[in-house]
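**Student:**
Protein chains: 2
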Amino acid sequence: LMNTCCITSGCYHRYANLLIFIMLLTLTILTIWLFKHRRFRFLHETGLAMIYGLLVGVILRFGVHVPQNMSNVVLSCAVNASPATLLVNISGRYFEYTLKGEVSRGKGHQVQDDEMLRKVTFDPEVFFNILLPPIIFHAGYSLKRRHFFRNIGSILTYAFMGTVISCFVIGLTMYCFVSFMKVVGQLGGDFYFTDCLFFGAIVSATDPVTVLAIFNELKVDVDLYALLFGESVLNDAVAIVLSSSIVAYQPAGDNSHSFEAMAMLKSFGVFLGVFSGSFALGVATGVMTFTKLRDFPLLETALFFLMSWSTFLLAEACGFTGVVAVLFCGITQAHYTYNNLSPESQDRTKQLFELLNFLAENFIFSYMGLTLFSFQSHVFNPLFIVGAFVAVFLGRAANIYPLSFLLNLGRKNKIGSNFQHVMMFAGLRGAMTFALSIRDTATYARQMMFSTTLLIVFFTVWICGGGCESYAWPFRIWYNFDHNYLKPLLTHSGPPLTATLPACCGLLARCLTSPQAYEVWAYSILLKGTELTLGEHELVIRGTRLVLPMDDPVEPPTTVTLPPPPSPPHSDPHRHRL
Amino acid sequence: LMNTCCITSGCYHRYANLLIFIMLLTLTILTIWLFKHRRFRFLHETGLAMIYGLLVGVILRFGVHVPQNMSNVVLSCAVNASPATLLVNISGRYFEYTLKGEVSRGKGHQVQDDEMLRKVTFDPEVFFNILLPPIIFHAGYSLKRRHFFRNIGSILTYAFMGTVISCFVIGLTMYCFVSFMKVVGQLGGDFYFTDCLFFGAIVSATDPVTVLAIFNELKVDVDLYALLFGESVLNDAVAIVLSSSIVAYQPAGDNSHSFEAMAMLKSFGVFLGVFSGSFALGVATGVMTFTKLRDFPLLETALFFLMSWSTFLLAEACGFTGVVAVLFCGITQAHYTYNNLSPESQDRTKQLFELLNFLAENFIFSYMGLTLFSFQSHVFNPLFIVGAFVAVFLGRAANIYPLSFLLNLGRKNKIGSNFQHVMMFAGLRGAMTFALSIRDTATYARQMMFSTTLLIVFFTVWICGGGCESYAWPFRIWYNFDHNYLKPLLTHSGPPLTATLPACCGLLARCLTSPQAYEVWAYSILLKGTELTLGEHELVIRGTRLVLPMDDPVEPPTTVTLPPPPSPPHSDPHRHRL
Numbered sequence: 001l002m003n004t005c006c007i008t009s010g011c012y013h014r015y016a017n018l019l020i021f022i023m024l025l026t027l028t029i030l031t032i033w034l035f036k037h038r039r040f041r042f043l044h045e046t047g048l049a050m051i052y053g054l055l056v057g058v059i060l061r062f063g064v065h066v067p068q069n070m071s072n073v074v075l076s077c078a079v080n081a082s083p084a085t086l087l088v089n090i091s092g093r094y095f096e097y098t099l100k101g102e103v104s105r106g107k108g109h110q111v112q113d114d115e116m117l118r119k120v121t122f123d124p125e126v127f128f129n130i131l132l133p134p135i136i137f138h139a140g141y142s143l144k145r146r147h148f149f150r151n152i153g154s155i156l157t158y159a160f161m162g163t164v165i166s167c168f169v170i171g172l173t174m175y176c177f178v179s180f181m182k183v184v185g186q187l188g189g190d191f192y193f194t195d196c197l198f199f200g201a202i203v204s205a206t207d208p209v210t211v212l213a214i215f216n217e218l219k220v221d222v223d224l225y226a227l228l229f230g231e232s233v234l235n236d237a238v239a240i241v242l243s244s245s246i247v248a249y250q251p252a253g254d255n256s257h258s259f260e261a262m263a264m265l266k267s268f269g270v271f272l273g274v275f276s277g278s279f280a281l282g283v284a285t286g287v288m289t290f291t292k293l294r295d296f297p298l299l300e301t302a303l304f305f306l307m308s309w310s311t312f313l314l315a316e317a318c319g320f321t322g323v324v325a326v327l328f329c330g331i332t333q334a335h336y337t338y339n340n341l342s343p344e345s346q347d348r349t350k351q352l353f354e355l356l357n358f359l360a361e362n363f364i365f366s367y368m369g370l371t372l373f374s375f376q377s378h379v380f381n382p383l384f385i386v387g388a389f390v391a392v393f394l395g396r397a398a399n400i401y402p403l404s405f406l407l408n409l410g411r412k413n414k415i416g417s418n419f420q421h422v423m424m425f426a427g428l429r430g431a432m433t434f435a436l437s438i439r440d441t442a443t444y445a446r447q448m449m450f451s452t453t454l455l456i457v458f459f460t461v462w463i464c465g466g467g468c469e470s471y472a473w474p475f476r477i478w479y480n481f482d483h484n485y486l487k488p489l490l491t492h493s494g495p496p497l498t499a500t501l502p503a504c505c506g507l508l509a510r511c512l513t514s515p516q517a518y519e520v521w522a523y524s525i526l527l528k529g530t531e532l533t534l535g536e537h538e539l540v541i542r543g544t545r546l547v548l549p550m551d552d553p554v555e556p557p558t559t560v561t562l563p564p565p566p567s568p569p570h571s572d573p574h575r576h577r578l
Numbered sequence: 001l002m003n004t005c006c007i008t009s010g011c012y013h014r015y016a017n018l019l020i021f022i023m024l025l026t027l028t029i030l031t032i033w034l035f036k037h038r039r040f041r042f043l044h045e046t047g048l049a050m051i052y053g054l055l056v057g058v059i060l061r062f063g064v065h066v067p068q069n070m071s072n073v074v075l076s077c078a079v080n081a082s083p084a085t086l087l088v089n090i091s092g093r094y095f096e097y098t099l100k101g102e103v104s105r106g107k108g109h110q111v112q113d114d115e116m117l118r119k120v121t122f123d124p125e126v127f128f129n130i131l132l133p134p135i136i137f138h139a140g141y142s143l144k145r146r147h148f149f150r151n152i153g154s155i156l157t158y159a160f161m162g163t164v165i166s167c168f169v170i171g172l173t174m175y176c177f178v179s180f181m182k183v184v185g186q187l188g189g190d191f192y193f194t195d196c197l198f199f200g201a202i203v204s205a206t207d208p209v210t211v212l213a214i215f216n217e218l219k220v221d222v223d224l225y226a227l228l229f230g231e232s233v234l235n236d237a238v239a240i241v242l243s244s245s246i247v248a249y250q251p252a253g254d255n256s257h258s259f260e261a262m263a264m265l266k267s268f269g270v271f272l273g274v275f276s277g278s279f280a281l282g283v284a285t286g287v288m289t290f291t292k293l294r295d296f297p298l299l300e301t302a303l304f305f306l307m308s309w310s311t312f313l314l315a316e317a318c319g320f321t322g323v324v325a326v327l328f329c330g331i332t333q334a335h336y337t338y339n340n341l342s343p344e345s346q347d348r349t350k351q352l353f354e355l356l357n358f359l360a361e362n363f364i365f366s367y368m369g370l371t372l373f374s375f376q377s378h379v380f381n382p383l384f385i386v387g388a389f390v391a392v393f394l395g396r397a398a399n400i401y402p403l404s405f406l407l408n409l410g411r412k413n414k415i416g417s418n419f420q421h422v423m424m425f426a427g428l429r430g431a432m433t434f435a436l437s438i439r440d441t442a443t444y445a446r447q448m449m450f451s452t453t454l455l456i457v458f459f460t461v462w463i464c465g466g467g468c469e470s471y472a473w474p475f476r477i478w479y480n481f482d483h484n485y486l487k488p489l490l491t492h493s494g495p496p497l498t499a500t501l502p503a504c505c506g507l508l509a510r511c512l513t514s515p516q517a518y519e520v521w522a523y524s525i526l527l528k529g530t531e532l533t534l535g536e537h538e539l540v541i542r543g544t545r546l547v548l549p550m551d552d553p554v555e556p557p558t559t560v561t562l563p564p565p566p567s568p569p570h571s572d573p574h575r576h577r578l
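Which chain is which? The protein sequence lines are A and B, in order. Position 455 (the first sequence) corresponds to 455 in full-length UniProt numbering; numbering is contiguous. Position 412 (the second sequence) corresponds to 412 in full-length UniProt numbering; numbering is contiguous.
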């Protein structure tokens, strides 16, 4: 009686489901720590989460066999509608059922298979309503003022015009490929021009997460950095509204997928209406959240959290896009509300959204890895995949290079061709692209899009992301070699060679090291406490990836009054040994 | 296509639902702030949340009329089982439905009514799986070491023996009342002895939340405080396991609700098994979470959070009680893991769980207020309600007084009779009682229990809680009178009467105030900066209600070096005016 839910629906599986993901996240966290600890940075943490997800997907797919329970029953009923709530009268007792969704045609019998795989499948709406909002809010909240607003024109150009250009270029390229596939006979179902445009919209959203992580390493100009980050944050919003406008252009019951001027205008109207509505709502609630609760950080933080969340819900209830509203709410709150908060609440809100963002992000990426094997309607079409990669490449190029050229005509701080290449390849696809493509996988076209999108995300995160990460690697190797061997040999600074060379070279090392080198080194050990603290501080900032590091003035290191280096400390062990 | 979910299930209502609760929480937060700001403390914040919930419940019940949408369809099908997943074949298309639960017999047609009220109704499992865990974990996490473990014997006695005694006393008393009601003809359905015991178990859980809040005001002995708080935390765990053991004693299909020795033994076995299993699991994961991630607070906090959550899930998956496991996990983590965390992570985890606890707690209490009007199967039986209040009183008395007497035989620090009375009346019923009673409201007996429990919670939180809160009120009035009028009149300390008396009494005041009083007062104004800081510090601690304030050594106030009071400051405006 108490556990009716458990008895009828199999609690074990429900919890197994969540436990698998918690295990994945825990593994990811531990590995990230290991990587950071050893300063091994070939791969970004989201790439790591994906790999673990992949592994678990393989295990679930091929390793685990769950005996089939016969709990699924197919009813054939003479009902005309598909109601949200169904009351089923089973031998005199009423049971209430809620609609989960339509099962794709002809797959009725397949639903019973692979129970375990289905259990690790989340409702796509979970991504939109639970996981994306904190990620997008955090991106907006960490978008710092000065450099963002100084470059607002360029950012908006890339985000709006660039995304629209990219969407249409990709759509047209895909249309060519799809037409070719139809001729060759490689297409297994319908694929209309609107589907191509829709695909263009969903893969045009670049990911702010990896941009933030990678550009902490490469010390680029702060303005250019703001440009890239601002673009990647805003184009998520553009892509989401663009894709829903395209869906609005393609009426559900209508089979004429041809181009129509009126429908196009309607779509444009939807785009403008939804975007401006979401924008206005987000900014309004962001501005409204000025608080006078400075004395009570808990209340203040709670209120801040609730207001941000209600922005999302309010926007969805009004028919706008919650994610977009939350983005602008975050930007506005970072701009106005943040400064009204008490210092403790500033820390608290930052840390809270940072944690939520971290968990949601890693969850999405490990789920991405998992779906490659657990999703059961994959349509991998080699031609389509090749076409998609070409199209994404072309789309990004058509966004960056022409717009940069035009923008450079008006900018004082020109966008160099080097940086244009970086922008071209740093356009990783991430959480938003995935969420948009998994939202609807009912038709053949959508399934093919989903499978292809998955590959695009994998490729960009691993290859482009990994490439950018390891870009910094050769420099570090050189630095270490220089610091440990060349400097001690050629100057008095750095650790003495007796410490850095292996023990067998002891004699050689001793000959090559000057007495002053020991003194300087011993002195540097004295300083080590200070150094370590600073080092940790830097690490923390990198670990949290919270703010644009060039933008946010880091507290100046506390000036420690120390004796001047020339006078050697008295208790120098090396000296006495000599 | 994009918004299939919204089109079919009415997004507006889904979001309206959450928006109502966010609005409620926001209102509660603002009012709490107002109360704290004005130092008005007649009512505890949970009591406030309840009142707002009540108001919204009334509005929804009587004020809002939502036109009936005909989305509910009753199907009569020849199926024997009630499967967890249902595939419905509607004119060739398959729709997937998930089981929500059984609708009570004969209420089939009523389900369609009051759509709006049903929309604000949450699945009872939400309380157990989402809202209770953070509350209970937080209680365990804020249970500080020293005083808790010093009194562990007494705490366990109250929590285990006391709760079992209380459960049986309440059960027996209720059985007498119910038998009487049956004779009088006031009983509208079955009510067995096991139902009485179940009722005893669910109303025996006292609430740690209000205890914490109230006893910050009354400066009782720290050991006694630890006693009361420890008991209220642990008896939640005992009550939850006890109630599920009683359900296990009462087999679903069996109609013989008489007393059986074998079934009793089985129940006892279930109790021991579930309790020790949950305990072992909680402690094990708590101990395991030692971290070496000190350099990365974000990773550390995330890991900490995930481990706590996985404890809950793991326990549920193993058939133990997640809430109990989480409690012991929290206690263990406060005892061991907390000290391994970096200082920043200590703050972060504290603040995170504090926020989650705050939100969950206020959500539950406002939902409680709401259900008084929105729940549609209330059974208010005056006789049963009177009986329940008498039984709860007797049960608490049979717990506290005899056990205190026995414990005092062995204790050095005796539990005074005054404090016994406080324990007697501070046994408020809160979130756990509510969650246990709303979990199953299918039968007449359970519905009557639910309605009565609601009233008991309301009564104890408002009357007992409010009583304890305002216990400190007369003292404060006296203090103010004393400080503002008596002290200035009789001594040289305090503000001069010219400042405290109304303007019309200016002459009188001037006559009664000595010149020294001005000097002392002016000096105290100089000190005011320091005082204010300390005052705020105290408020923050009270506002967050995070730790036992006597237990946790508050930072000593920074000693400010000030000139000694006798030498009057030179720039005294009052003096010059004189």
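A virtual CB, placed ideally from N, CA and C, is assigned to each residue, including glycine.
Between which two residues does the alpha helix (DSSP H) containing GLY506 of chain A stretch?
**Tutor:** Segment 506-512, the alpha helix (DSSP H) holding GLY506 of chain A.
**Student:** Considering Cα atoms alone, identify which of A:LEU409, A:LEU406, A:PHE365 is closest to VAL56 of chain A.
**Tutor:** The shortest Cα separation from VAL56 of chain A among A:LEU409, A:LEU406, A:PHE365 belongs to A:PHE365.
**Student:** Could you tell me which uninterrupted alpha helix (DSSP H) segments, each at least 4 residues in length, are contained entirely in the segment 341-394 of chain A, listed from first to last along the chain?
**Tutor:** Segments of the alpha helix (DSSP H) lying fully in the segment 341-394 of chain A: 343-374.
**Student:** Within the same chain, show all residues whose beta-carbon is closer than 8 Å to that of GLU538 of chain B, passing over the 5 residues directly before and after it, in chain order.
**Tutor:** For GLU538 of chain B, the predicted model reports a pLDDT of 36, less than 50, meaning its position is unreliable and no value from the coordinates is stated.
**Student:** Can you give me the Cβ contacts of THR332 of chain A inside the same chain, cut-off strictly under 7 Å, excluding the 5 residues immediately before and after it?
**Tutor:** So the list reads GLY282, VAL283, GLY286, VAL287, once near-sequence residues are dropped.
**Student:** Taking the alpha-carbon positions, what's the LEU197 of chain A to LEU242 of chain A distance?
**Tutor:** Their backbone Cα atoms lie some 10 Å apart in a straight line.
**Student:** What residues in the segment 356-378 of chain B have a beta carbon less than 7 Å from any beta carbon of chain A?
**Tutor:** Cβ contacts with chain A come from PHE358, LEU359.
**Student:** Whose Cβ in chain A lies nearer than 7 Å to the Cβ of ILE32 of chain B?
**Tutor:** In chain order: LEU299.
**Student:** With C-beta atoms as the reference, is ALA263 of chain B less than 7 Å away from TYR249 of chain B?
**Tutor:** Against a cut-off of 7 Å, the Cβ pair of TYR249 of chain B and ALA263 of chain B comes out as a contact.
**Student:** Spell out whether any CB of chain A is found under 7 Å from the CB atom of GLN346 of chain B.
**Tutor:** Taking Cβ atoms only, chain A never reaches closer than 7 Å to GLN346 of chain B, which makes this a no.
**Student:** Measure the Cβ-Cβ separation of ILE29 of chain B and LEU303 of chain A and say whether it is below 7 Å.
**Tutor:** Their beta carbons are under 7 Å apart, which means ILE29 of chain B touches LEU303 of chain A by this criterion.
**Student:** Between the Cα of LEU313 of chain A and those of A:ARG150, A:ASP223, A:SER278, spot the shortest distance and give me the residue it belongs to.
**Tutor:** When each option's Cα is compared against that of LEU313 of chain A, the closest is A:SER278.
**Student:** Under three-state DSSP, which class holds ARG446 of chain B?
**Tutor:** In the structure shown, ARG446 of chain B sits in a helix (DSSP, three-state: H, G or I).
**Student:** So, using beta-carbon positions, are ASN357 of chain A and PRO208 of chain A closer together than 7 Å?
**Tutor:** No.
**Student:** Please state if the CB of PHE191 of chain A and the CB of ALA445 of chain A are separated by a distance shorter than 7 Å.
**Tutor:** Yes.
**Student:** For THR301 of chain B, name the three-state secondary structure that DSSP assigns.
**Tutor:** Three-state result, THR301 of chain B: helix.
**Student:** Opposite THR206 of chain A in the DSSP bridges: which residues?
**Tutor:** DSSP, once it has assigned bridges, lists A:ARG429 as partnering THR206 of chain A.
**Student:** Can you grab the Cα-Cα spacing for the pair HIS335 of chain A / ASN129 of chain A, in whole Å?
**Tutor:** One C-alpha to the other measures close to 25 Å.
**Student:** Nearest-angstrom Cα distance between ARG150 of chain B and LEU156 of chain B?
**Tutor:** Distance between the alpha carbons of ARG150 of chain B and LEU156 of chain B: 12 Å.
**Student:** Does the beta-carbon distance from VAL461 of chain A to LEU407 of chain A come in below 7 Å?
**Tutor:** No, the pair does not count as a contact, with Cβ atoms beyond the cut-off.
**Student:** When you compare the CB positions of ALA205 of chain A and ALA239 of chain A, do they come within less than 7 Å of one another, or not?
**Tutor:** Result yes, Cβ atoms of ALA205 of chain A and ALA239 of chain A sit closer than 7 Å.
**Student:** DSSP three-state call for ASP223 of chain A: helix, strand or coil?
**Tutor:** ASP223 of chain A: helix per DSSP, three-state reduction.
**Student:** Excluding the 5 residues flanking VAL326 of chain B on each side, which residues of the same chain have their C-beta closer than 8 Å to its C-beta?
**Tutor:** Closer than 8 Å at the Cβ level, and outside the excluded window around VAL326 of chain B, lie PRO133, ILE136, PHE137, GLY140, GLY282, SER308, THR311, PHE312, ALA315.
**Student:** Measuring CA to CA, which of A:ALA397, A:CYS176, A:ILE463 is closest to GLN420 of chain A?
**Tutor:** Among A:ALA397, A:CYS176, A:ILE463, the Cα nearest to that of GLN420 of chain A belongs to A:ALA397.
**Student:** Under three-state DSSP, which class holds GLY319 of chain A?
**Tutor:** Here GLY319 of chain A sits in coil by DSSP.
**Student:** Does ARG150 of chain B come out as helix, strand or coil in the three-state DSSP assignment?
**Tutor:** Helix at ARG150 of chain B.
**Student:** Name the chain B residues whose beta carbon is nearer than 7 Å to that of TYR15 of chain A?
**Tutor:** Within 7 Å Cβ-Cβ: LEU313, GLU316, ALA317.
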